[in-house]
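Position one of the sequence shown corresponds to residue 882 (my numbering), numbered consecutively onward. Just so you know, even glycine gets a beta-carbon here, dropped at the ideal spot from N, CA and C.
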Amino acid sequence: MSSWPGPITAVTLFVEDRAAAKAFYSEVLGLPVHYEDAESVVFAFGATLVNLLVATAAPELIEPAQIAAAETGARSVLTVTVDDVDAVCSELAAHGVELLNGPVDRPWGVRTASFRDPAGHIWELAQSIS
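Laid out in structure tokens, this is it:
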């Protein structure tokens, strides 16, 4: 256990519509595809890989746990640090992305805004203001 804890190197998000998820991450967020196959598409966020895996392929990874439906509510928030939250929000709005909240200055010294991807995953943009 000497290497514990290590960095988080990948996050897998379950999606119902792989094509819509891929379009959102590549066209709206402007990320190049790192890897893809018939069941997944992977994007790099710095040193962390975000794997968008079709939900029908997920049981192999998580059984006996079950996949929850996207409409059951938020189960996580993924935070990405940016230089200018307001500028990124403007870019997202130009692509038709509706914010859940923000931009807002938080009491802990961070300016944030949140939005959903097509599969319902919540992303937070964060900018240090302290």
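For Lys953, tell me which candidate among Gly1001, Pro984, Leu934 has the shortest Cα-Cα distance. Taking the first residue of the sequence shown as 1, we reach residue 953 at position 72. Note that residue 953 is Thr in the sequence shown here, rather than Lys. Closest by alpha carbon: Gly1001.
Alpha carbon of Lys903 to alpha carbon of Val922, nearest angstrom: The residue you call residue 903 lines up with position 22 of the sequence shown. The residue you call residue 922 lines up with position 41 of the sequence shown. C-alpha separation (whole angstroms): 7 Å.
Near Ala1007, which residues of its chain fall below 6 Å by C-beta distance, leaving aside the five closest residues on each side in sequence? On the sequence shown, residue 1007 is found 126 positions in, with the first residue counted as 1. Hits under 6 Å: Thr960, Thr962, Val991, Thr993.
Candidates Glu920, Ala955, Val931: closest to Pro940 by CA position: On the sequence shown, position 59 is the one that residue 940 refers to. It is Glu920.
3 or more residues per run - each beta strand (DSSP E) lying fully within the segment 925–959: The segment 925–959 is shown to contain whole beta strand (DSSP E) runs of 3 or more residues at 929–935, in chain order.
Between Leu930 and Ala891, which are expected to be in contact by the criterion C-beta below 8 Å, what is the C-beta distance as a whole number of angstroms? As a position in the sequence shown, residue 930 is number 49, starting the count at 1. As a position in the sequence shown, residue 891 is number 10, starting the count at 1. Between Ala891 and Leu930 the Cβ distance is about 4 Å, and since that is below 8 Å, they are a contact.
Give me the Cα-Cα distance between Gly887 and Leu980, rounded to the nearest whole angstrom. The count along the sequence shown starts at 1 and reaches residue 887 at position 6. The count along the sequence shown starts at 1 and reaches residue 980 at position 99. When rounded, the distance between both Cα atoms is 32 Å.
Go ahead and pull the three-state DSSP assignment for Asp986. For the purposes of this step, residue 986 is taken as the residue at position 105 of the sequence shown. Note: Asp986 maps to strand in three-state DSSP.
Ordered along the chain, which non-local residues of its own chain (more than five positions away) have a Cβ less than 8 Å from that of Ala955? Translated into the one-based positions of the sequence shown, residue 955 becomes position 74. So the qualifying residues of the chain are Gly1001, Ile1003.
Check for me: the beta strand (DSSP E) holding Ala1007 runs from which residue to which? For this step, residue 1007 is matched to residue 126 along the sequence shown. Note, Ala1007: beta strand (DSSP E), 1003–1009.
Just the Cα atoms here: how many angstroms apart are Val969 and Glu1005? Locating residue 969 in the sequence shown gives position 88, counting from the first residue. Locating residue 1005 in the sequence shown gives position 124, counting from the first residue. Their Cα atoms are separated by approximately 11 Å.
Can you name, in chain order, every residue of its own chain whose Cβ lies under 8 Å from the Cβ of Val914, other than the five neighbours on each side? Residue 914 sits at position 33 when you count from the first residue of the sequence shown. Result list for Val914: Lys903, Ser907, Val922, Val923, Phe924, in chain order.
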